[in-house]
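A.B. asks: Numbering (our numbering), first residue to last: 1 to 696. Every residue, glycine too, gets a C-beta built ideally from N, C-alpha and C. The following block contains the structure, expressed as structure tokens.
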Amino acid sequence: MWFIFIVAVLCGIILLYLPGALLLRSFRLSLLGSSLFAPPVTVALYGVLAIIYSGMGVRSSWITLFLFPSLIALILMLVSSIISRRAIRSSNSDAVDSGAGLSRINVSSGLQDCRRNWFIMLLYVAVGVAVTGHLFIKCLDGADSVSQLFDNAWHLGIIRKFVDTGNYSTLVSGDIISTVGSKFYPVGWHSLVALVISMTGASIGIAENAVIAMLCAIVFPVSMFVLFHCLFAGRTKLIAICSLTPLMFAAFPWRYITFGPLYSNLLSFAITPLAMTLLIKLLESVTQLKDRICLGALFLVSIVGIAIAQPNAVFTIGILIAPFLYAQIPAYLEKANFSSHVKCAWSVAAWIVISLLIVAIWMFLYKAQFMQRTVTWGWPSFEGKAQAFIDIAFVGFRLAEPQILLGLLVLTGVIYTLLRREHLWISVSYAIICALYALSSSTDGRAKNVLTGFWYHDSYRLGASAVFFGAVLAGLGIYVCLTAVQRLLRLLSSDSVLKYEQRMLTVVMIVAINVVVFFPSYSLPGRYDVTTAFGAIRRDVTFWNSLQEPKSYSADERRFVERVKKVVPSGAVVLNQPYDGSAYAYGLDDLNVYYKAWEGNWMGKPTRENQLISTKLNEITSDSGVKEAVKSTGARYLILLDRSDYTTNSEDPTKMTSMYASYIKSSWHGIDAINDDSSGFTKVLEQGDMRLYRID
């Protein structure tokens with residue numbers, strides 16, 4: 001099983017990187033640059049092709065989505081290489097090649113195919129693999145164990161639909177539930193998992209875990225390497241030190257695994273640093289026009305890929321890079337021969353115009369019909385303003401355990417940018433996203449609705465958005481501390497032992513910082529238990545993936561479903577009550593239940609048939625409307641699993657609640673009320689409280 005997991009991880013890497021890398025190489029971007037910027041291009045390619053295939057009736061699979069376009073991209077790359085070589089021979093010069101296509105773009109200053117850059121990139125991967133192995137892979141209860149957090153039934157259902165139907169289109173991905181309205185749902189992550197299954201034949205659980213591990217261990221750290229290289233070009237030591245920081249924050253990617261789970265956002269945020277890098281180079285005042293055009297094209301393609309994964313990452317990019325644009329205005333004006341007073345006036349005018357444009361675009365999107373489900377999502381505050389400040393100071397976003405040392409390192413980085421103002425805009429960006437987090441977590445009202453709506457008003461996502469530049473500032477903080485200690489050492493040591501002592505002290509400090517940041521939870525006998533940030537992450541990943549802990553969809557229920565599948569015709573619709581765990585029966589065990597996810601995930605509003613079945617199915621013999629509703633689904637069976645884990649909510653008697661979810665009683669009365677004596681239903685199978693009924 002673990003061998004298949006490793007194969008699935010390797011296939012996931014190939015699926016995510018190869019098509020985009022081949023396409024970028026055909027435009028003569030360097031081998032390293034093509035590889036690093038490939039993921040958002042690949043996701044965009046898959047998303048667009050899936051929509052086209054859906055319209056044409058072509059089945060999506062690893063052959064049609066990956067192999068076919070990869071071969072086309074390979075041919076384009078070879079043709080481009082041949083044309084380039086002929087042009088060089090005919091001109092007897094390297095000028096043609098060096099000025100053609102993307103090869104002339106310095107997408108990340110100094111990011112070239114040299115041994116040093118490859119080595120540093122591999123250092124980021126090594127750190128990523130080590131941390132991910134400790135925090136995620138070791139905590140799995142087998143390679144195929146899956147989390148049964150609220151959203152995962154929905155995620156698994158979409159993946160199962162992709163595998164079964166071959167329709168990967170993001171425009172209709174939400175149609176696994178019978179609703180009225182838009183069926184769009186961002187499925188970049190789901191497509192990757194489905195393609196891994198298609199390529200390897202791995203189970204859905206193994207494929208899901210393999211893609212999660214790949215994103216945490218490789219994709220996100222490497223993407224951050226590109227961003228660090230852009231921000232600190234030529235500062236090799238600093239870039240190497242920063243390899244430690246991307247995975248130091250519990251808020252991302254780790255809380256995306258233990259809450260939600262927010263797998264769509266996991267992919268979009270993992271590749272967001274790549275788009276941030278492109279936008280920085282695009283907006284930089286020294287960038288030439290031809291380069292700007294090419295960078296703009298690559299940025300737009302990347303944004304399409306990120307939006308197909310999860311659109312709110314696009315707004316995160318806008319918020320984080322906006323201060324850089326403001327900071328570049330004086331540099332743009334330097335090229336004009338204005339006096340200092342005129343230049344100042346033009347800068348202020350430009351800032352005002354940019355601000356008005358941002359407000360106009362923001363409000364247009366906030367009011368747009370297609371954004372209403374997102375921006376109107378109800379997410380009340382959960383803490384006071386003072387606690388929100390503490391969260392930010394010690395990066396304990398959204399009830400996460402505080403990371404005091406990491407918070408101090410970030411503060412040190414902020415102080416560094418105040419003294420070395422070249423990167424001050426990074427601290428401004430970090431402050432803005434932290435302010436949005438505080439607005440979401442500690443307030444309710446119009447300001448919160450307008451400013452945090454694009455993230456569902458979700459403080460988890462806003463806290464995660466702070467990690468990008470939080471990691472940058474923490475890297476600067478570590479660099480400042482190491483530099484300060486080394487300078488102190490120079491004053492106290494002789495030249496003969498200085499280099500050795502510096503190296504040893506650097507190693508000791510780096511190890512100490514990692515030990516403190518990643519320290520597990522522990523007990524002080526006779527006193528109290530101490531839960532650390534990453535002790536909590538390991539606890540939660542272990543709990544939600546454990547086969548021994550209580551499950552919404554238990555092992556006994558899965559065995560009963562296997563019995564049901566021997567009775568029910570393959571692919572036949574089976575009515576169900578999703579909160580009894582049967583929402584997982586489709587994604588995990590391919591039983592085509594009618595309700596494939598809990599209500600919070602449904603796109604649009606329930607259809608009339610959907611509502612009649614959930615509220616009045618027990619009246620099927622007396623209500624012709626219910627009869628017609630059931631007939632329209634084609635369902636001939638009803639499955640009921642164990643609901644003993646649900647109890648009446650003590651604060652709201654109209655709700656039933658478990659550790660997994662809650663639902664309004666009246667919304668599901670039509671199914672909950674059915675038993676062995678209900679007219680219109682004949683018992684076919686039973687196992688404890690579980691039943692399969694034939695609908696007469």
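What is the rounded straight-line gap between the Cα of I358 and the Cα of K627?
C.D. replies: Taking the straight line from one Cα to the other gives about 53 Å.
A.B. asks: If you check the beta carbons only, do Y416 and L476 fall under 8 Å apart?
C.D. replies: Cβ distance < 8 Å, so Y416 and L476 count as in contact.
A.B. asks: Residue range of the beta strand (DSSP E) that V574 falls in?
C.D. replies: Taken as a continuous stretch (DSSP letters only), the beta strand (DSSP E) holding V574 covers V574 to N576.
A.B. asks: Could you check what DSSP says for S178 in three-state terms: helix, strand or coil?
C.D. replies: S178 falls in the coil class under three-state DSSP.
A.B. asks: Could you tell me whether the stretch 537-553 touches the stretch 139-153, where touching means 3 or more Cβ pairs closer than 8 Å?
C.D. replies: The stretch 537-553, when compared against the stretch 139-153, does touch it at the 8 Å Cβ threshold.
A.B. asks: Determine the DSSP secondary structure at D590, reduced to helix, strand or coil.
C.D. replies: D590 falls in the coil class under three-state DSSP.
A.B. asks: Ordered along the chain, which non-local residues of its own chain (more than five positions away) have a Cβ less than 6 Å from that of S465?
C.D. replies: Here the set comprises T316 and I433.
A.B. asks: Would you report the Cα separation of I206 and L156, rounded to the nearest angstrom?
C.D. replies: Cα to Cα, I206 sits roughly 12 Å from L156.
A.B. asks: What's the C-alpha gap between G600 and L524?
C.D. replies: The straight-line gap from Cα to Cα measures roughly 41 Å.
A.B. asks: CA-CA distance, F755 and I75?
C.D. replies: Residue coverage of the chain in this structure runs from 1 to 696, which leaves residue 755 outside it and unanswerable.
A.B. asks: Excluding five sequence neighbours on each side, which residues of the same chain lie with their C-beta closer than 8 Å to the C-beta of T654?
C.D. replies: If we look at T654 and ignore the five residues flanking it on each side, its Cβ neighbours are I664, K665 and S666.
A.B. asks: Apart from the five residues just before and just after Y584, which ones in its own chain have a Cβ nearer than 6 Å to its Cβ?
C.D. replies: Excluding sequence neighbours, Y584 sits near A153 and Y553.
A.B. asks: Does M659 come out as helix, strand or coil in the three-state DSSP assignment?
C.D. replies: Residue state, collapsed to three classes: coil.
A.B. asks: Can you grab the Cα-Cα spacing for the pair G12 / N337, in whole Å?
C.D. replies: For G12 and N337, the distance between alpha carbons rounds to 53 Å.
A.B. asks: What's the C-alpha gap between V507 and G128?
C.D. replies: Their Cα atoms are separated by approximately 18 Å.
A.B. asks: In terms of residue numbering, what span does the beta strand (DSSP E) encompassing Q687 cover?
C.D. replies: Note, Q687: beta strand (DSSP E), F681 to Q687.
A.B. asks: Is it the case that the Cβ atoms of A536 and F150 are separated by a distance below 8 Å?
C.D. replies: For A536 and F150, no; Cβs fall outside 8 Å.
A.B. asks: Pairing CB atoms from the stretch 265-282 with CB atoms from the stretch 36-45, are three or more of them under 8 Å?
C.D. replies: Yes: at least three Cβ pairs fall under 8 Å.
A.B. asks: Could you check whether M214 and V9 sit closer than 8 Å to each other, using their CB atoms as the reference points?
C.D. replies: Taking 8 Å as the Cβ cut-off, V9 and M214 qualify as a contacting pair.
A.B. asks: Output the distance between the C-alpha atoms of A202 and W2, rounded to the nearest integer angstrom.
C.D. replies: Distance between the alpha carbons of A202 and W2: 11 Å.
A.B. asks: I'd like the span of the beta strand (DSSP E) that includes S523, first residue to last.
C.D. replies: S523 -> beta strand (DSSP E) spans Y522 to L524.
A.B. asks: Restricting to Cα atoms, I'd like to know which of L409, S347, R563 and V428 is closest to Q687.
C.D. replies: Ranking the options by Cα distance to Q687, first place goes to R563.
A.B. asks: Taking all protein chains shown into account, decide if H341 is buried (16 or more other Cβ within 10 angstroms of its Cβ) or exposed.
C.D. replies: With fewer than 16 other Cβ atoms within 10 Å, it is exposed.
A.B. asks: Assess contact between the stretch 403-415 and the stretch 467-486, defined as three or more Cβ pairs (one per stretch) separated by less than 8 Å. Is contact present?
C.D. replies: Because the criterion of three Cβ pairs below 8 Å is met, the stretch 403-415 and the stretch 467-486 touch.
A.B. asks: Comparing alpha-carbon positions, which option in S84, Q577 and V561 lies nearest S570?
C.D. replies: Answer by Cα proximity: V561.
A.B. asks: Suppose contacts are defined by Cβ-Cβ distances below 8 Å. Is K281 in contact with C230 by that definition?
C.D. replies: Closer than 8 Å, so yes.
A.B. asks: Any idea what DSSP makes of V395, helix, strand or coil?
C.D. replies: In the structure shown, V395 sits in coil (DSSP, three-state: anything other than H, G, I, E or B).
A.B. asks: With DSSP run on the structure shown, which of helix, strand or coil describes I620?
C.D. replies: In the structure shown, I620 sits in coil (DSSP, three-state: anything other than H, G, I, E or B).
A.B. asks: If I'm right that R160 touches M77 with Cβ under 8 Å, what's the distance once you round it to whole angstroms?
C.D. replies: Contact flag wrong, Cβ pair sits at about 35 Å.
A.B. asks: Tell me the residue span of the beta strand (DSSP E) that contains V187.
C.D. replies: No beta strand (DSSP E) holds V187; DSSP gives it neither H nor E.
A.B. asks: So does the stretch 219-226 actually touch the stretch 372-388, counting three or more Cβ pairs closer than 8 Å?
C.D. replies: No, the stretch 219-226 is not in contact with the stretch 372-388.
A.B. asks: Less than 8 Å separating the beta-carbons of W254 and L135?
C.D. replies: Cβ distance < 8 Å, so W254 and L135 count as in contact.
A.B. asks: Pick from S442, I321, L65 and S658: whose alpha carbon is nearest that of V428?
C.D. replies: Among S442, I321, L65 and S658, the Cα nearest to that of V428 belongs to I321.
A.B. asks: Pull up the distance between the alpha-carbon of F364 and that of L356, whole angstroms please.
C.D. replies: The straight-line gap from Cα to Cα measures roughly 12 Å.
A.B. asks: Starting from R694, follow the beta strand (DSSP E) in both directions and report where the run begins and ends.
C.D. replies: Where R694 is concerned, the enclosing beta strand (DSSP E) stretches over M690 to I695.
A.B. asks: Using three-state DSSP, classify D529 as helix, strand or coil.
C.D. replies: Looking at D529 - three-state DSSP - the assignment turns out to be strand.
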